[in-house]
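Novice: In my numbering, the protein residues as written are 1265 to 1613. Glycine included, each C-beta is placed from N, C-alpha and C at the ideal position. Sharing a structure here in structure tokens format.
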């Protein structure tokens, strides 16, 4: 579940923690004790559609690493995990027609499990990358989750093609928690830190490699199930939460408008405005919160210019983006915001 800053505490689906119980037990860790120490009720995790605070989940992962004495525990947990960790999404991955379709299915459906996730597949002539990021948290707070998630993705790719698809690189935005050689030995692929994105990349030439494990006829069955699950989850949320899911998940192409969002959700623009008003929120406030959150994230964690960031978020030019950012931040422009928070200077407008 996504939340605007100051409005709701970000939550994560309890299935994420539930899927880690067996891997943690196999590493001689007590998942229930870890949950309680992190402020999570184990009974909440057992509920089919339960949710837990994102911050508590991240504490849970950090405590697990500390108690194990293993700073790369996330990688080790993923090495013993399989498609069942992601439930139907994992098996949809393995029953997809091609590895490209598998990665696209993963990025499309993963928010059913993790509503605070930003995931997408990025392609160019050389590589195809699965990009993963948790929103509303700092990089150093989610290192265990990111390392687990990318390692699991890499493992699914290997299972899908029985090793025929090489991993050209695994990229992390954060700094390493151990010697880089430890990461490369565990991941068995080139590893890079301090990057603009968390992602797993494969050669674009492998996009059409077909799966070798599950029958492709399972794919439409699993998609139908996941679509119904998604509809159930959406009905449990407020409309504001549904709008944020669309906004933060890049579900529609820029420029983002209330009309496009309303069509995506399945209602008229007038109904969207009326129902949001009844919940005490406005579409413009939700869109501003999304844009400000993403802009701050890009300014403090990437080397992109203000022009590039503005365009990526949906602004036609850097001037309009700078004016909007100053309004959101109380008078601080993008370049000044970056300087204050990173000590870096904007290289171009």
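In whole angstroms, what is the alpha-carbon distance linking residue 1418 and residue 1464?
Specialist: For the purposes of this step, residue 1418 is taken as the residue at position 154 of the chain shown. For the purposes of this step, residue 1464 is taken as the residue at position 200 of the chain shown. Straight across, the Cα-Cα distance linking residue 1418 with residue 1464 is about 7 Å.
Novice: With distance defined between alpha-carbon atoms, name the residue in 1579, 1339, 1580, 1326 nearest to residue 1451.
Specialist: Stepping through the chain shown from its first residue, residue 1451 is reached at position 187. Among 1579, 1339, 1580, 1326, the Cα nearest to that of residue 1451 is on 1339.
Novice: Assign residue 1287 to one of two classes, buried (16 or more other C-beta atoms within 10 Å of its C-beta) or exposed (fewer than that).
Specialist: As a working mapping, residue 1287 is identified with position 23 in the chain shown. Answer is buried; the Cβ neighbour count reaches 16.
Novice: Reducing DSSP to helix, strand and coil, say where residue 1397 ends up.
Specialist: Counting from 1 along the chain shown, the entry for residue 1397 is found at position 133. Residue 1397: strand per DSSP, three-state reduction.
Novice: Of all the options 1576, 1388, 1352, which has the alpha carbon lying nearest to the alpha carbon of residue 1372?
Specialist: Your numbering for residue 1372 matches position 108 in the chain shown. Residue 1352 is the option with its Cα nearest to residue 1372.
Novice: Assuming residue 1468 contacts residue 1389 under a Cβ cut-off of 8 Å, what Cβ separation, rounded to an integer in Å, is found between them?
Specialist: Indexing the chain shown from 1 puts residue 1468 at position 204. Indexing the chain shown from 1 puts residue 1389 at position 125. Correct: roughly 6 Å between the Cβ atoms.
Novice: Report the three-state DSSP secondary structure of residue 1467 (helix, strand or coil).
Specialist: Within the chain shown, residue 1467 is the residue found at index 203, counting from 1. Judged by DSSP in its simplified three-state form, residue 1467 adopts strand.
Novice: Would residue 1516 pass as a contact of residue 1578 if the rule is Cβ separation under 7 Å?
Specialist: On the chain shown, position 252 is the one that residue 1516 refers to. On the chain shown, position 314 is the one that residue 1578 refers to. No, these two residues do not count as a Cβ contact at 7 Å.
Novice: Name the two residues that bound the continuous beta strand (DSSP E) containing residue 1435.
Specialist: For this step, residue 1435 is matched to residue 171 along the chain shown. Run containing residue 1435: 1433 to 1435, per the beta strand (DSSP E) assignment.
Novice: Counting only the same chain and skipping the five closest in sequence on each side, list residues whose C-beta sits under 7 Å from that of residue 1474.
Specialist: To locate residue 1474, count along the chain shown from 1; it is residue 210. The residues are 1361, 1362.
Novice: So if DSSP puts residue 1543 in a beta bridge, which residue, or which two residues, is it bridged to?
Specialist: Taking the first residue of the chain shown as position 1, residue 1543 is located at position 279. Under DSSP, no beta-bridge partner is assigned to residue 1543.
Novice: What is the DSSP secondary structure of residue 1580, counted as helix, strand or coil?
Specialist: Working through the chain shown from its first residue, we reach residue 1580 at position 316. Residue 1580: coil per DSSP, three-state reduction.
Novice: By the DSSP assignment, the beta strand (DSSP E) with residue 1382 in it spans what residues?
Specialist: As a first step, residue 1382 must be located in the chain shown, where it is residue number 118. Per DSSP, residue 1382 belongs to the beta strand (DSSP E) from 1381 to 1387.
Novice: Pull up the distance between the alpha-carbon of residue 1491 and that of residue 1510, whole angstroms please.
Specialist: The count along the chain shown starts at 1 and reaches residue 1491 at position 227. The count along the chain shown starts at 1 and reaches residue 1510 at position 246. So the two alpha carbons sit approximately 15 Å from each other.
Novice: Comparing alpha-carbon positions, which option in 1402, 1470, 1530, 1541 lies nearest residue 1504?
Specialist: By 1-based counting over the chain shown, the position of residue 1504 is 240. For residue 1504, the closest C-alpha among the options 1402, 1470, 1530, 1541 is that of 1541.
Novice: Ignore the nearest five residues each way along the sequence and tell me which others in residue 1358's own chain have a CB closer than 8 Å to its CB.
Specialist: Indexing the chain shown from 1 puts residue 1358 at position 94. The answer, listed in chain order, is 1347, 1366, 1420, 1423, 1424, 1475, 1477, 1478.
Novice: The alpha helix (DSSP H) that contains residue 1529, what's its start and end?
Specialist: As a working note, residue 1529 is residue 265 in the chain shown. Looking at the DSSP string, the run of the alpha helix (DSSP H) that includes residue 1529 is 1522 to 1529.
Novice: Name the DSSP bridge partner or partners of residue 1592?
Specialist: Start at 1 with the first residue of the chain shown, and residue 1592 comes out as number 328. Answer by DSSP bridge pairing: none, since residue 1592 is not bridged.
Novice: Once DSSP output is grouped into helix, strand and coil, what is the label at residue 1327?
Specialist: Your numbering for residue 1327 matches position 63 in the chain shown. Reduced to three states, the DSSP call for residue 1327 is helix.
Novice: Would DSSP call residue 1567 helix, strand or coil?
Specialist: Along the chain shown, one-based indexing puts residue 1567 at 303. In this structure, residue 1567 counts as coil in the three-state DSSP scheme.
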